[in-house]
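In my numbering, the protein residues as written are 275 to 343.
Given below as structure tokens:
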């Protein structure tokens, strides 16, 4: 195995071991979908998707840096 292959393997393993992004719970997604359905005048599909994404972003915590203890 040459160095380039070893480096690519190590980089791939490092990317796989990175913690996943926080996902919104199904309850938050359902709440935001219900809120989007109640908006008047009725939203178009792209507007509804943007509304739901914004609602989920507002309702979920932003992942921060881990404290250095």
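The beta-carbon is built from N, C-alpha and C at its ideal position, and this holds for glycine as well.
- Each residue's CA atom was taken as its position, placing residue 341 and residue 318 some 42 angstroms apart.
- Between residue 322 and residue 331, the gap from beta carbon to beta carbon reaches 7 angstroms or more.
- Ranked by Cα distance from residue 299, the options 338, 283, 329, 314 are led by 329.
- Taking C-beta atoms as the reference points, residue 333 and residue 302 count as a pair closer than 7 angstroms.
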